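Take a look at the structure set out below.
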Amino acid sequence: MMLRTITADDMDRVIQIWFESSIIAHAFADPEYWRSKTEAMRTLYIPNSETWVWEDDENIQGFLSLNKNDLAALFVLPEAQGHGIGTALMDLAKSLRDELTLAVYTENTRSVSFYRKQGFTEIREQTDEHTGRRELIMAWKK
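Structure representation (structure tokens):
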């Protein structure tokens, strides 16, 4: 197992993980919405973030993107979830920052629970302007 910064060669795999995980974690949203965001993830969001990947002997299984103190993305392949990868990525984020904020859909109860277990608290609830779905803004401080 290795945590390392993303390279250009990793982009296809990272986008695959993001897309597959997004469709499952956000089953309440139309998959076409996520498909429409693929190019922006590849050319805008990931390149403008500090991104780390979790890799085992075979392949990248998850990744984390930070944009300043915003936890912009934390995704683990669905079949690799529940094995400590998300926690390892979160531990890395906490070691790199003194405070973190994130947005998570209220309907994504598994992720909300994970973030609470990681010490995040709810700051406010709002409507995501892109999807019209309710989301929580959560924060963590050292």
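Each residue of the sequence shown is one higher than the one before, counting from 1 in full-length UniProt numbering. Glycine included, C-beta positions come from ideal geometry on N, C-alpha and C. Note that the coordinates shown come from a computational prediction; the quantities given were computed from them, not determined experimentally.
Lys117 - DSSP class collapsed to helix/strand/coil: If DSSP states are grouped into helix, strand and coil, Lys117 belongs with the helices.
Rounded separation between Phe75 and Ala88 - CA only: Taking the straight line from one Cα to the other gives about 12 Å.
Exposure label - Glu79; buried when at least 16 CB within 10 Å: With fewer than 16 other Cβ atoms from the protein chains shown falling within 10 Å of its own Cβ, Glu79 counts as exposed.
Distance between beta carbons of Leu92 and Leu3, contact taken as under 8 Å: About 6 Å; that satisfies the 8 Å criterion.
Proximity test, Met138 beta-carbon vs the ligand SAM heavy atom, cut-off 6 Å: With respect to the ligand SAM, the structure shown offers nothing to examine, as it has no ligands at all.
Segment limits, alpha helix (DSSP H) that includes Tyr33: Run containing Tyr33: Pro31 to Ser36, per the alpha helix (DSSP H) assignment.
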